[in-house]
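Numbering (the numbering used here), first residue to last: 176 to 400.
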């Protein structure tokens with residue numbers, strides 16, 4: 176007589192039982208329910224993880240936006256001059272003051288004392304001059320210069336004076352200009368670091384941080400229902 180714990184007897188008994196349709200159906204129901212419960216658990220776990228990822232991504236986006244806003248604030252007294260020819264051993268401070276007073280016709284005239292620091296940025300490239308960053312000693316002096324920049328277009332058409340934007344805001348402005356070319360908006364510009372857009376209906380919109388800027392661009396390119 177076989178013992179209860181004999182593996183060979185167990186295999187034979189199991190093989191015999193599996194010939195029974197009712198036994199097979201019962202096992203299928205048990206195994207199937209186990210799989211369904213496991214799949215339901217995994218789906219719930221994935222949903223929870225997705226929720227955590229969304230929360231973390233929003234937090235990261237918020238942190239990036241706040242950091243960008245702080246960096247932009249440090250540039251509040253600065254402007255960027257592009258297209259100005261570059262020469263060896265140039266006195267860039269003298270050239271900058273001369274451009275503002277004689278080409279831009281700034282009133283009241285600015286002096287070297289109104290500029291804290293001026294220097295070229297970027298890697299030197301024989302095909303184009305590097306940009307010039309002008310940091311003024313006060314927001315007032317910077318505002319006066321910006322107020323007269325339209326005269327630069329008339330007297331030095333290949334030279335441009337713009338706000339000194341962070342990399343993220345420069346990307347946003349580039350996207351906005353692309354939208355303008357594609358006819359999604361009428362116009363775009365910046366004001367004290369904010370991205371300003373005029374939509375096709377002539378309404379003005381502005382975004383003072385990167386997150387708002389991304390959302391604004393998305394809303395103006397979204398197809399109307």
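Ideal Cβ positions, reconstructed from N, Cα and C, are used throughout, including at glycine.
Note that the structure is a prediction, hence the values are computed from the model and not measured.
By Cβ distance, which residues of its chain are closer than 6 Å to residue 337, with the 5 residues on each side in sequence left out? Position 162 of the chain shown holds residue 337. Closer than 6 Å at the Cβ level, and outside the excluded window around residue 337, lie 255.
Am I right that residue 236 and residue 386 are in contact with their C-beta atoms under 8 Å? What's the rounded C-beta distance? Position 61 of the chain shown, counted from the first residue, corresponds to residue 236. Position 211 of the chain shown, counted from the first residue, corresponds to residue 386. About 6 Å separates the two Cβ atoms, so the contact holds.
The beta strand (DSSP E) with residue 338 in it runs from where to where? The residue you call residue 338 lines up with position 163 of the chain shown. From DSSP, the beta strand (DSSP E) with residue 338 extends over 335–338.
Rounding to the nearest angstrom, what Cα-Cα distance links residue 378 and residue 362 in this structure? Taking the first residue of the chain shown as 1, we reach residue 378 at position 203. Taking the first residue of the chain shown as 1, we reach residue 362 at position 187. Spanning the two alpha carbons is a distance of roughly 10 Å.
Which residue comes first and which comes last in the beta strand (DSSP E) that contains residue 370? Stepping through the chain shown from its first residue, residue 370 is reached at position 195. First-last of the beta strand (DSSP E) with residue 370: 369–374.
Can you tell me which of the three DSSP states residue 389 falls into? Taking the chain shown and counting its residues from 1, one reaches residue 389 at position 214. In this structure, residue 389 counts as helix in the three-state DSSP scheme.
Spatial distance of residue 329 from residue 304 (CA atoms): Position 154 of the chain shown holds residue 329. Position 129 of the chain shown holds residue 304. Roughly 20 Å separates the two Cα atoms.
Residue 384: buried (16+ other C-beta within 10 angstroms of its C-beta) or exposed? Locating residue 384 in the chain shown gives position 209, where the first residue counts as 1. Residue 384 counts as buried, since at least 16 other C-beta atoms from the protein chains shown sit within 10 angstroms of its C-beta.
Provide the residue span of the beta strand (DSSP E) that contains residue 291, from first to last. The residue given as residue 291 occupies position 116 in the chain shown. DSSP places residue 291 inside the beta strand (DSSP E), whose first and last residues are 290–296.
State the Cα-Cα distance for the pair residue 285 and residue 247, rounded to the nearest angstrom. Translated into the one-based positions of the chain shown, residue 285 becomes position 110. Translated into the one-based positions of the chain shown, residue 247 becomes position 72. Distance from the CA atom of residue 285 to the CA atom of residue 247, rounded to whole angstroms, is 24 Å.
Minimum C-alpha distance to residue 168 - residue among 212, 258, 195 and 203: In the structure as shown, the chain starts at 176 and stops at 400, and residue 168 therefore has no counterpart that could be examined.
For residue 297, I'd like the list of residues in its chain whose CB is within less than 8 Å of its CB, leaving aside the five on either flank, ordered along the chain. Position 122 of the chain shown, counted from the first residue, corresponds to residue 297. In the same chain as residue 297, and ignoring 5 residues on each side of it, the C-beta atoms closer than 8 Å to its own belong to 305 and 306, in chain order.
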